[in-house]
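Every number in my numbering is 4 more than the matching position in the sequence shown, counting from 1. Okay, so here's the structure we're looking at.
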Amino acid sequence: MPKSKHSKKDKLLGSPVKKLEPQPPAVPESLADPLEPGESWETLSPEERSPIRSYLDQIGKTPLLTLEQETALARRVLKGDEAARQQMIQANLRLVVRIAKDYDNFGLPLMDLISEGNFGLIKAVERFDPDKGGKLSTYAAWWIKQAIKRALASSGKTIRLPVHMVDRISQMRRIIAQLTKELEREPSNEEIALAMEIPIAKVVHMKSVANRAASLDQPVGEEGESTLGDLVKDESARTPFENLRGKSDVSEINELLARLDPREAEVITLRFGLSGESPLTLEEIGEKFKLTRERVRQLQQGALMQLRRIMTERQKLLTPEDVRKNKLADARAEVLSEFFRSKGAKIPTRPNREGL
Numbered sequence: 005m006p007k008s009k010h011s012k013k014d015k016l017l018g019s020p021v022k023k024l025e026p027q028p029p030a031v032p033e034s035l036a037d038p039l040e041p042g043e044s045w046e047t048l049s050p051e052e053r054s055p056i057r058s059y060l061d062q063i064g065k066t067p068l069l070t071l072e073q074e075t076a077l078a079r080r081v082l083k084g085d086e087a088a089r090q091q092m093i094q095a096n097l098r099l100v101v102r103i104a105k106d107y108d109n110f111g112l113p114l115m116d117l118i119s120e121g122n123f124g125l126i127k128a129v130e131r132f133d134p135d136k137g138g139k140l141s142t143y144a145a146w147w148i149k150q151a152i153k154r155a156l157a158s159s160g161k162t163i164r165l166p167v168h169m170v171d172r173i174s175q176m177r178r179i180i181a182q183l184t185k186e187l188e189r190e191p192s193n194e195e196i197a198l199a200m201e202i203p204i205a206k207v208v209h210m211k212s213v214a215n216r217a218a219s220l221d222q223p224v225g226e227e228g229e230s231t232l233g234d235l236v237k238d239e240s241a242r243t244p245f246e247n248l249r250g251k252s253d254v255s256e257i258n259e260l261l262a263r264l265d266p267r268e269a270e271v272i273t274l275r276f277g278l279s280g281e282s283p284l285t286l287e288e289i290g291e292k293f294k295l296t297r298e299r300v301r302q303l304q305q306g307a308l309m310q311l312r313r314i315m316t317e318r319q320k321l322l323t324p325e326d327v328r329k330n331k332l333a334d335a336r337a338e339v340l341s342e343f344f345r346s347k348g349a350k351i352p353t354r355p356n357r358e359g360l
């Protein structure tokens, strides 16, 4: 049976699929409205309400499928029919929204949960066999939930701060940045407390809570435009990948990236300019994939952690002595050496060379 020719790197990241030809009349089902009975849009935050409403207005234009239509389309999908695949995805996007709402307030914005769930829906549509019995909605629910759970598990946010605390920490961040600029040094707790008009003990407590309960990837601010990690993370720090040059290095990195999730690999490629293009910012990558800056940061972090694990496995085959004896190309050795050093191996730091 021929496989579908569509790419795994679908750009259905929270955006509606391009509309195809008009479809048969809709049938009334519970999925027609992703909100639960008696539920109101007022339960969503103002930041989420507008994009969610706009998104639902768009996907709501696509009629649902009857069981007969679903069966016929699914059989066409298994034969590689791209139009049928797109139509099935379109007709079930509301299912993703309904499921995603069950996982809201677990650490990711609702639109990001929907984007992740859409990936699960795509996989379900590609694998669904109507002749085995059951409906796509039942089959797809598992894939959608798995995609969302995986995103939550990799987000690094096992504990969320109360909303009021997040707002206060956001305010503290802005004041720290302002004072740092004015004083040309990091402000003391006393200076922060004076500027915020709160007790010093409150400042100490807020810093403690932020460090103890929140991931550095926790979004702060009314629009989630930054994270607590912005307070301590050095955005200018270079990674081994930013130092790579030459064809041999490209081969090495491509081998590593091939072991990552396709989307994580693309994020790393764009972030560090591994394809020869200029590196993109988190915001630029987010715009490309229709994801928030926060989610792109999480994907980048997860990918780098996975690469570190991969390189750790290679320590069984390559020793620090191999590196010292120049059995690897300079740039490749630099990458390996950094990972060796991260695991406690004492490897001399190579002097910087022109072109590296």
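C-beta atoms are modelled at their ideal positions from N, C-alpha and C, and glycine is treated no differently. Only a predicted model underlies this, so the values are computations on that prediction, with no experimental measurement involved.
One Cα belongs to Thr142, the other to Leu117, and the distance between them is close to 19 Å. Take Ala269, set aside five residues on each side of it, and the residues of its chain with a beta-carbon closer than 6 Å to its own are Leu261, in chain order.
Bounds of the alpha helix (DSSP H) holding Gly290 are 286–293. Only buried fits Met210, as 16 or more other CB atoms lie within 10 angstroms of its CB. For Ile148, the CB contacts under 6 Å within the same chain, skipping 5 residues up- and downstream, are Val100, Ile103, Gly121, Gly124, Leu125 in chain order. Cβ-Cβ distances below 8 Å link Lys127 to Trp147, Ala151 in the same chain, with the five nearest sequence neighbours on each side left out; the list follows chain order. Rounded to whole angstroms, Arg189 and Pro67 show a C-alpha spacing of 59 Å. Here the alpha carbon of Ser212 sits roughly 20 Å from the alpha carbon of Thr184. Relative to the Cα of Gln304, the nearest Cα in the group Ile314, Lys65, Leu264 belongs to Leu264. Less than 8 Å separates the beta-carbon of Lys139 from that of Leu71. In the three-state reduction of the DSSP assignment, Gly277 falls in the coil class. Along the length of the stretch 81–113, whole alpha helix (DSSP H) runs at least 4 residues long occupy 86–95, 97–105, reported in chain order.
For the pair Met176 and Arg297, the Cα-to-Cα distance works out to about 21 Å. In this structure, Val271 and Ile289 form a Cβ contact; the two beta carbons are roughly 6 Å apart against a cut-off of 8 Å.
With a contact defined as Cβ atoms closer than 8 Å, Ile180 and Leu114 miss out at about 29 Å. Put simply, the backbone Cα of Pro266 is about 22 Å away from that of Leu97. In the three-state DSSP reduction, Ala262 falls in the coil class, being neither helix nor strand. In the three-state reduction of the DSSP assignment, Asp133 falls in the coil class, being assigned neither a helical nor a strand state.
Look at Leu187 here: in three-state DSSP terms it is helix.
Sequence-distant partners of Leu284 (beyond 5 residues in either direction) whose C-beta falls short of 7 Å from its own C-beta, in its chain, are Leu274, Arg275. Here the C-alpha atom of Glu74 lies approximately 7 Å from the C-alpha atom of Met92.
A buried status is given to Pro191, since no fewer than 16 other beta-carbon atoms sit within 10 Å of its beta-carbon.
Comparing alpha-carbon positions, the option among Glu201, Ala78, Ser119, Ala88 lying closest to Gly137 turns out to be Ala78. Annotation for Phe132: Ala78, Leu140, Tyr143 place their beta carbon closer than 6 Å to its own, counting only its chain and skipping 5 residues before and after. Val129 has its alpha-carbon roughly 12 Å from the corresponding atom of Gly84. For Ile202, no alpha helix (DSSP H) segment is defined, and its DSSP state is neither H nor E. Asp106 and Lys153 have their C-alpha atoms spaced approximately 11 Å apart. Ranked by Cα distance from Leu69, the options Ser58, Gln62, Ala95 are led by Ala95. Counting only the Cα atoms, Tyr59 lies some 44 Å from Asn193. With distances taken between CA atoms, Gly306 lies nearest to Ala155 out of Ser282, Glu201, Glu186, Ala155.
In the three-state DSSP reduction, Ser282 falls in the coil class, being neither helix nor strand.
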